[in-house]
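Student: As they're listed, the protein sequences go chains A and B. Sequence positions in the first sequence follow UniProt numbering and run 1 to 483. Sequence positions in the second sequence follow UniProt numbering and run 1 to 713. Attaching a single structure in structure tokens format; questions to follow.
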Amino acid sequence: MEKEQLEHGLSLNRRKFLGKLSLGIGSVALGSLLIPDLLNRKSEEDALFAALPHFAPKAKRIIYLFQNGAPSQLETFDYKPLLNQQIGKELPDSIRMGQRLTGMTSGQNSFPLVGSYFGFKQYGEARAWISDIFPHTAKIVDDICIIKSMHTEAINHDPALTFFQTGAQVGNRPSMGAWLSYGLGSENSNLPAFCVLLSRGKGNGQGVYSKLWTNGFLDSVHQGVQFSASEDPVLYLRDPKGMDRQERRRMLDKVSELNQLNYQAFGDPEINAKIQQYEMAFRMQTAVPEVTDISKEPDSIIKMYGPDCLVPGTYAANCLLARKLSENGVRFVQLYHQGWDQHGNLPNEMATQAKDVDQASAALIQDLKQRGLLDETLVIWGGEFGRTNYCQGKIQVDNYGRDHHPRAFSIWMAGGGVKSGMVYGETDEFGYNITENPVHVHDFQATILHLMGIDHEKLTYKHLGRRYRLTDVHGHVVKDILV
Amino acid sequence: MSFQTRLSAILKNVLIVFHGLTLILAFGHEHLEVPPILEFLGRTHPLVLHFPIALLLLLALVLWNPNITFLENKPFSNNLFLSTLLLTGITVMAGLLLATEEGYEKESFFFHQWTGVTLFWLGTIWYILWTKEIYQTARVISVLTIILIIITGHLGASLTHGDDFLFAPLLKKKNDPKVNLDEALSYDHVIRPILEQKCVSCHKASKQKGDLRLDGVEYILAGGKNGPVIDLNNTEESNLLHRILLPMEDEDHMPPKGKLQLTELEIQIITSWIKESAHFDKKLVHYPEESNLFQLAKNLFVPSEGPNYDFPFAKGITIEKLNNDYRVVQTIYPEAPALRVSFFGKSQFTSKALDELDKISVQLVELNLNNMPLNDEDIKKISRFNNLEKLYLNSTGLSGTTLSSLKNQPKLHSLSLSGNPLKETSIAELGALKQLNNLFLWNSSLSTQNIEQLKTLLPNTKIETGFKDEGERYQLNPPLIQAENNIFNNELEVRLKHPIGSVSIFYTLDNTEPDSSNYLLYQGPLKIQKSTTLRARAFANGWLGSEENTNSFFKASIKPISYQLSYPPHKSYPGNGVETLFDQEKGDEDFGSGKWLGFQDQPLELLIDLGKDQLIESVGFSLLTAEGSYIFPPFQVEIWTKEHQGDWKMIQVDNPEQPEKMGDRKLILLEYPIAGQKPKQIKAILKPVNRLPKWHPGAGQKAWMFIDEVLIN
Numbered sequence: 001m002e003k004e005q006l007e008h009g010l011s012l013n014r015r016k017f018l019g020k021l022s023l024g025i026g027s028v029a030l031g032s033l034l035i036p037d038l039l040n041r042k043s044e045e046d047a048l049f050a051a052l053p054h055f056a057p058k059a060k061r062i063i064y065l066f067q068n069g070a071p072s073q074l075e076t077f078d079y080k081p082l083l084n085q086q087i088g089k090e091l092p093d094s095i096r097m098g099q100r101l102t103g104m105t106s107g108q109n110s111f112p113l114v115g116s117y118f119g120f121k122q123y124g125e126a127r128a129w130i131s132d133i134f135p136h137t138a139k140i141v142d143d144i145c146i147i148k149s150m151h152t153e154a155i156n157h158d159p160a161l162t163f164f165q166t167g168a169q170v171g172n173r174p175s176m177g178a179w180l181s182y183g184l185g186s187e188n189s190n191l192p193a194f195c196v197l198l199s200r201g202k203g204n205g206q207g208v209y210s211k212l213w214t215n216g217f218l219d220s221v222h223q224g225v226q227f228s229a230s231e232d233p234v235l236y237l238r239d240p241k242g243m244d245r246q247e248r249r250r251m252l253d254k255v256s257e258l259n260q261l262n263y264q265a266f267g268d269p270e271i272n273a274k275i276q277q278y279e280m281a282f283r284m285q286t287a288v289p290e291v292t293d294i295s296k297e298p299d300s301i302i303k304m305y306g307p308d309c310l311v312p313g314t315y316a317a318n319c320l321l322a323r324k325l326s327e328n329g330v331r332f333v334q335l336y337h338q339g340w341d342q343h344g345n346l347p348n349e350m351a352t353q354a355k356d357v358d359q360a361s362a363a364l365i366q367d368l369k370q371r372g373l374l375d376e377t378l379v380i381w382g383g384e385f386g387r388t389n390y391c392q393g394k395i396q397v398d399n400y401g402r403d404h405h406p407r408a409f410s411i412w413m414a415g416g417g418v419k420s421g422m423v424y425g426e427t428d429e430f431g432y433n434i435t436e437n438p439v440h441v442h443d444f445q446a447t448i449l450h451l452m453g454i455d456h457e458k459l460t461y462k463h464l465g466r467r468y469r470l471t472d473v474h475g476h477v478v479k480d481i482l483v
Numbered sequence: 001m002s003f004q005t006r007l008s009a010i011l012k013n014v015l016i017v018f019h020g021l022t023l024i025l026a027f028g029h030e031h032l033e034v035p036p037i038l039e040f041l042g043r044t045h046p047l048v049l050h051f052p053i054a055l056l057l058l059l060a061l062v063l064w065n066p067n068i069t070f071l072e073n074k075p076f077s078n079n080l081f082l083s084t085l086l087l088t089g090i091t092v093m094a095g096l097l098l099a100t101e102e103g104y105e106k107e108s109f110f111f112h113q114w115t116g117v118t119l120f121w122l123g124t125i126w127y128i129l130w131t132k133e134i135y136q137t138a139r140v141i142s143v144l145t146i147i148l149i150i151i152t153g154h155l156g157a158s159l160t161h162g163d164d165f166l167f168a169p170l171l172k173k174k175n176d177p178k179v180n181l182d183e184a185l186s187y188d189h190v191i192r193p194i195l196e197q198k199c200v201s202c203h204k205a206s207k208q209k210g211d212l213r214l215d216g217v218e219y220i221l222a223g224g225k226n227g228p229v230i231d232l233n234n235t236e237e238s239n240l241l242h243r244i245l246l247p248m249e250d251e252d253h254m255p256p257k258g259k260l261q262l263t264e265l266e267i268q269i270i271t272s273w274i275k276e277s278a279h280f281d282k283k284l285v286h287y288p289e290e291s292n293l294f295q296l297a298k299n300l301f302v303p304s305e306g307p308n309y310d311f312p313f314a315k316g317i318t319i320e321k322l323n324n325d326y327r328v329v330q331t332i333y334p335e336a337p338a339l340r341v342s343f344f345g346k347s348q349f350t351s352k353a354l355d356e357l358d359k360i361s362v363q364l365v366e367l368n369l370n371n372m373p374l375n376d377e378d379i380k381k382i383s384r385f386n387n388l389e390k391l392y393l394n395s396t397g398l399s400g401t402t403l404s405s406l407k408n409q410p411k412l413h414s415l416s417l418s419g420n421p422l423k424e425t426s427i428a429e430l431g432a433l434k435q436l437n438n439l440f441l442w443n444s445s446l447s448t449q450n451i452e453q454l455k456t457l458l459p460n461t462k463i464e465t466g467f468k469d470e471g472e473r474y475q476l477n478p479p480l481i482q483a484e485n486n487i488f489n490n491e492l493e494v495r496l497k498h499p500i501g502s503v504s505i506f507y508t509l510d511n512t513e514p515d516s517s518n519y520l521l522y523q524g525p526l527k528i529q530k531s532t533t534l535r536a537r538a539f540a541n542g543w544l545g546s547e548e549n550t551n552s553f554f555k556a557s558i559k560p561i562s563y564q565l566s567y568p569p570h571k572s573y574p575g576n577g578v579e580t581l582f583d584q585e586k587g588d589e590d591f592g593s594g595k596w597l598g599f600q601d602q603p604l605e606l607l608i609d610l611g612k613d614q615l616i617e618s619v620g621f622s623l624l625t626a627e628g629s630y631i632f633p634p635f636q637v638e639i640w641t642k643e644h645q646g647d648w649k650m651i652q653v654d655n656p657e658q659p660e661k662m663g664d665r666k667l668i669l670l671e672y673p674i675a676g677q678k679p680k681q682i683k684a685i686l687k688p689v690n691r692l693p694k695w696h697p698g699a700g701q702k703a704w705m706f707i708d709e710v711l712i713n
């Protein structure tokens, strides 16, 4: 009897338990209706991509013509006649205001002002001042927006360049192109989303390193792909001798089968990524030659860009290639042209450097425009900082140098939702300090992301326990220059 | 008398007292002077009101069911009923006292007051009927009481929390159209909603606490009995700002204690709005980016523009199916039905790929067919996409004879036709497309007259014809000089090339500038047998002659069997050590390339062993000068030789010519003949310049010396 009672008690308990449980679970289920993502909670990343772009983009693609070494603003777009009048006079302390100098001039006991060796004229609706060594840029002045009030934090090339490209002066943060590849992906899945083209002028040069187009902590598919000037624009893309395309296809199919087996066994998404990458490389084998072939460009293109565009590895050739890549859906084409570091011998070297880039830069704008592509392609031209208004070393009217100057420098942007025929920002009479509308590097980056339809505060990646952004915790969109 | 009966008697008496007080308060409260203690009692209204509500509902429930046991204990039930009525009375009286405080909206207060008082009366009637056991009527009255409880409670809640408090969550979604950031106004879309939610319930036409209304721009500017609430001359002193920023404990804090408070964000938004000049009709996007108001408020809105489309969304699965590696279908921006389609890879293109777009023919607004091989019939396929706005047909091989079929696409505003061999008949076809804003016709085989004709046909269209070769003569680029290496043993083949096939290349081999007097016309690969400087220029019809290209080739026919440096090169430019000097790899102007050795503090002292006594013609040093980079030729060169059976003899001392001003980077060769010597060993000492000359920016500092190769012949 005791046993029966016990069993009864137990079964009652079980019944009760199950009964109550169903009620309890029911109530939890009811409550969970208020938490829509309870059971299929999206990862942070999924949520990010579902919302990208954050709003209608103005620009779909970017071509960044980086003038590596830092061209002097005083011989390009920031006309300061006072410096010509006061040549040889001392830079007033009230202007310098204790500015930190590089080791190259901090020891100088005199800071003699020096004006531009080149003349300036006004062009376009905005009556923008442009130096005489940029005659072709002067012709497209109504299509570009010159920003004379850029400023940065770094005073040496590598940190300044890294700052521009990655939003931080040191470290291995992802480059702007990698961020865009991560955020928006590739438009054309047969080409990388982020391509890099290098060229070098005769002027005093500074290195560029692959860390500038790094994916940083992002997935390696977002790394910039460097196109070389050799017969193989993309290294290791060509099939080895004796292998034809069918054979390659068969090999890839087999490799893919093996990878699939592996994927089924381990479920590692990196394996899938690998399969995708093999397939993309296979498609690139036809896409790259199609894009890099310039033999069908009409003669007028060669006159526009200059005959150097037929010589692989020159700035002009890279500009032409940049247009072709961009036209084919490459999200971010990054050019670097080295040789702008004029600590000495400035008049000579700047003239040569300008000759290298002027015609092709202007041609690129015109070329995009005449194809109806300029309004959706953002083109940027500029260096990593500016140059001092005083002379480095001994001063001569026709031979002087300028040291690094982070407080004010000029760049230009065109197309892709940026106002055209505009000059933005102003510097003082000495070209030393910004007096109007300063644009910090982070503001510049925020603006670029904005044009691409991205809120720079929302494009983040969690790494080592914190979320990272291209603009770190700074940056304001420069709305005044938006269309 | 039992305790219950006695209690009952007391309670009944108190009830009568309460009714009397209620009458006085209800009819005369406007004339009352309320002492602080009563003010306190008044404020207990929100606290005690819950008791009569709960108890009356409970009584109704119980009394409707006469079987419930506790009714058997009638005295207890009686007293419970009485207590309930007393609590009702207290609530009503407290409410009437509270009403003497300022600021309640008269209209809704009126109803709340009288429903409350009536409730008290009805409850009492119910009680009387119940004690007389007239149950039928009692039930009717109880129903009325319950209904009145609900009405009174609701009116009371509206009074505290504002009208529509109860139904707002249900109504809100319908009346809240999404505002675009681009359209948002600082007052209408940011400030007004806050005021409406948190302030207007006490500051509106029907209830003007402090004689202030906040339900319209003119009222806000007019201010209240304490003067203006926003002081445009001294925004920070504005009363509105002052009051919301006061601590909660302060009497003047707004909204008053007990009312729904402003959130931290709302306080910040109002603060920054007022501090930033309290604009009433300024667009949010016209505030500067760094404005606090803009930063705080921008997230309240749908981020930025995006045109509105009134057609339905395509199915996700349809879009997914249409997407492949060569055809990309994307939304223009998230949450828009409009689609953009781009084609890539001309070798993969067939016009069937266009047919498949039928399923999204409504949603397709941008179509990019650049570089795809099209024929003119394909245009008819495109003409079915009725909402098309932008169409890219650059370099597609079209002749333009079917373009007028695009005329029924009213939204098409941009058409790119650059790089197509358009026929003259296409002018009439294009002329039918009056809806175009932009037409791109660069390099499209049309004559200037054709374009002019088209401009008259399309007066409202901007026609872009782009770059035209107007015979302006541009300078050619210099020819390329190609050779396997710059250093050779016996003979070297050198080729000259130019990317433009039709140019003529002229060159010299004697280090003179190539001009009409001395040049040689390049006709095929050159064979070079001695150290030579080659200079070349390119010429062609219609172009200006190129600048010259120069390259030097060095002969190094003897390779020593061993060599060593007495001092290592500078640690910043170590190259590959001494090997660099004999690796036959010429460095270029990039001295950091690793092909150069740099010396600064110590001289280059090189010991060469030829293995046996040999007849030597010359020793050469390939160096770099770059004044801008502090790189100079050596200040002094010494060459010593030693035969197998002999002593060291100095056979050369030279002080190479030094630059006198800044110049371009140059590769130079210092070559020294060694006549009549048959040394086994050679020692070379090259001393860098110790003090840079006065004209140099680094005057007085040490110069660098860079060397990449030593040539022995």
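The beta carbon of each residue, even a glycine, is placed where N, CA and C say it ideally should be. Fair warning: this is a prediction, and the values are worked out from it, not measured in the lab.
Between B:Y474 and chain A, is the shortest Cβ-Cβ distance under 9 angstroms, so that the two count as touching?
Tutor: Position 474 of the second sequence, counting from 1, holds the residue named residue 474 of chain B. It does: the Cβ of B:Y474 has a partner Cβ on chain A nearer than 9 angstroms.
Student: Quick check on A:G207 - is its C-beta less than 9 angstroms from some C-beta in chain D?
Tutor: Structure shown: chain D not included; protein chains present are A and B.
Student: Out of A:D428, A:M104, A:L464 and A:L373, point me to the one whose CA is closest to A:I62's CA.
Tutor: In the first sequence, the residue the question calls residue 62 of chain A occupies position 62. That would be A:L373, whose Cα lies nearest to the Cα of A:I62.
Student: If you compare alpha carbons, which of B:S416, B:N386, B:Q600 and B:L430 is closest to B:N394?
Tutor: Locating residue 394 of chain B in the second sequence gives position 394, counting from the first residue. Of the listed residues, the one whose Cα sits closest to B:N394 is B:S416.
Student: Helix, strand or coil: how does DSSP classify B:L369 here?
Tutor: Working through the second sequence from its first residue, we reach residue 369 of chain B at position 369. B:L369: coil per DSSP, three-state reduction.
Student: What is the DSSP secondary structure of B:S622, counted as helix, strand or coil?
Tutor: On the second sequence, residue 622 of chain B is found 622 positions in, with the first residue counted as 1. Correct three-state label for B:S622: strand.
Student: Looking at C-alpha atoms only, which residue of A:P71, A:H404, A:M422 and A:L321 is the closest neighbour of A:F227?
Tutor: In the first sequence, counting from the first residue as 1, residue 227 of chain A sits at position 227. When only C-alpha atoms are compared, the closest one is A:L321.
Student: Can you name, in chain order, every residue of its own chain whose Cβ lies under 6 angstroms from the Cβ of A:K414, other than the five neighbours on each side?
Tutor: Stepping through the first sequence from its first residue, residue 414 of chain A is reached at position 414. The amino acid occupying residue 414 of chain A in the given sequence is Ala; Lys does not appear at that position. Closer than 6 angstroms at the Cβ level, and outside the excluded window around A:A414, lie D143, I144, I365 and V379.
Student: Unbroken beta strand (DSSP E) runs of length 3 or more, entirely within the segment 188-249 of chain B: which are they?
Tutor: Segments of the beta strand (DSSP E) lying fully in the segment 188-249 of chain B: there are none.
Student: Could you check where the beta strand (DSSP E) with B:F553 kicks off and where it finishes?
Tutor: The residue labelled residue 553 of chain B in the question sits at position 553 within the second sequence. Per DSSP, B:F553 belongs to the beta strand (DSSP E) from N549 to K555.
Student: With distances taken from CA atoms, which of A:Q396, A:L52 and A:T377 is nearest A:G344?
Tutor: Residue numbering aside, residue 344 of chain A sits at position 344 when the first sequence is read from its first letter. Ranking the options by Cα distance to A:G344, first place goes to A:Q396.
Student: Report the rounded CA-to-CA distance for B:L357 versus B:L322, giving the unit in angstroms.
Tutor: Taking the first residue of the second sequence as 1, we reach residue 357 of chain B at position 357. Taking the first residue of the second sequence as 1, we reach residue 322 of chain B at position 322. The alpha-carbon atoms of B:L357 and B:L322 are separated by roughly 8 angstroms.
Student: When you compare only the Cα positions, how much space is there between B:F632 and B:F553?
Tutor: What you label residue 632 of chain B is simply residue 632 of the second sequence in a count that begins at 1. What you label residue 553 of chain B is simply residue 553 of the second sequence in a count that begins at 1. Roughly 21 angstroms separates the two Cα atoms.
Student: With H, G and I counted as helix, E and B as strand and the rest as coil, what does DSSP make of B:M650?
Tutor: In the second sequence, the residue the question calls residue 650 of chain B occupies position 650. In this structure, B:M650 counts as strand in the three-state DSSP scheme.
Student: Determine whether the beta carbon atoms of B:L544 and B:I528 lie at a separation below 9 angstroms.
Tutor: For the purposes of this step, residue 544 of chain B is identified with residue 544 of the second sequence, where counting begins at 1. For the purposes of this step, residue 528 of chain B is identified with residue 528 of the second sequence, where counting begins at 1. No. Outside cutoff.
Student: Go to A:Y263, then tell me how far its beta strand (DSSP E) extends in each direction, as first and last residue.
Tutor: Against the first sequence, residue 263 of chain A aligns to sequence position 263. Element bounds for A:Y263: not the beta strand (DSSP E) but the alpha helix (DSSP H), R245 to F266.
Student: If you measure from the beta carbon of A:G401 to each beta carbon in chain B, is any gap under 9 angstroms?
Tutor: Mapped onto the first sequence, residue 401 of chain A falls at position 401. Interface residue, yes.
Student: Which residue spans inside the segment 49-136 of chain A form an unbroken beta strand (DSSP E) run of at least 3?
Tutor: Those beta strand (DSSP E) runs which fall completely within the segment 49-136 of chain A and span 3+ residues are 61-67, 120-123 and 128-131.
Student: CB A:N188 to CB B:S516, shorter than 9 angstroms?
Tutor: Here residue 188 of chain A refers to the residue found at position 188 of the first sequence. Here residue 516 of chain B refers to the residue found at position 516 of the second sequence. Not in contact: A:N188 and B:S516 (Cβ atoms no closer than 9 angstroms).
Student: Measure the C-alpha to C-alpha separation of B:L597 and B:F706 and round it to an integer number of angstroms.
Tutor: On the second sequence, residue 597 of chain B is found 597 positions in, with the first residue counted as 1. On the second sequence, residue 706 of chain B is found 706 positions in, with the first residue counted as 1. Cα to Cα, the separation comes out at about 6 angstroms.
Student: For A:Q86, which residues in the same chain have their Cβ closer than 7 angstroms to its Cβ, ignoring the five residues on either side in sequence?
Tutor: Walking along the first sequence from the start, residue 86 of chain A turns up at place 86. Excluding sequence neighbours, A:Q86 sits near L113.
Student: With a threshold of 9 angstroms between beta-carbons, can A:T388 be considered close to chain B, or not?
Tutor: As a working note, residue 388 of chain A is residue 388 in the first sequence. False, the Cβ-Cβ gap to chain B never drops below 9 angstroms.
Student: Could you list which residues in chain B have their beta carbon closer than 9 angstroms to that of A:N204, in chain order?
Tutor: Taking the first sequence and counting its residues from 1, the one referred to as residue 204 of chain A is at position 204. In chain order: A626, G628, S629 and R665.
Student: Got a sec: does the ligand HEM put a non-hydrogen atom nearer than 8 angstroms to the Cβ of B:K275?
Tutor: Among the ligands in the structure shown, none appear at all, so the ligand HEM cannot be discussed.
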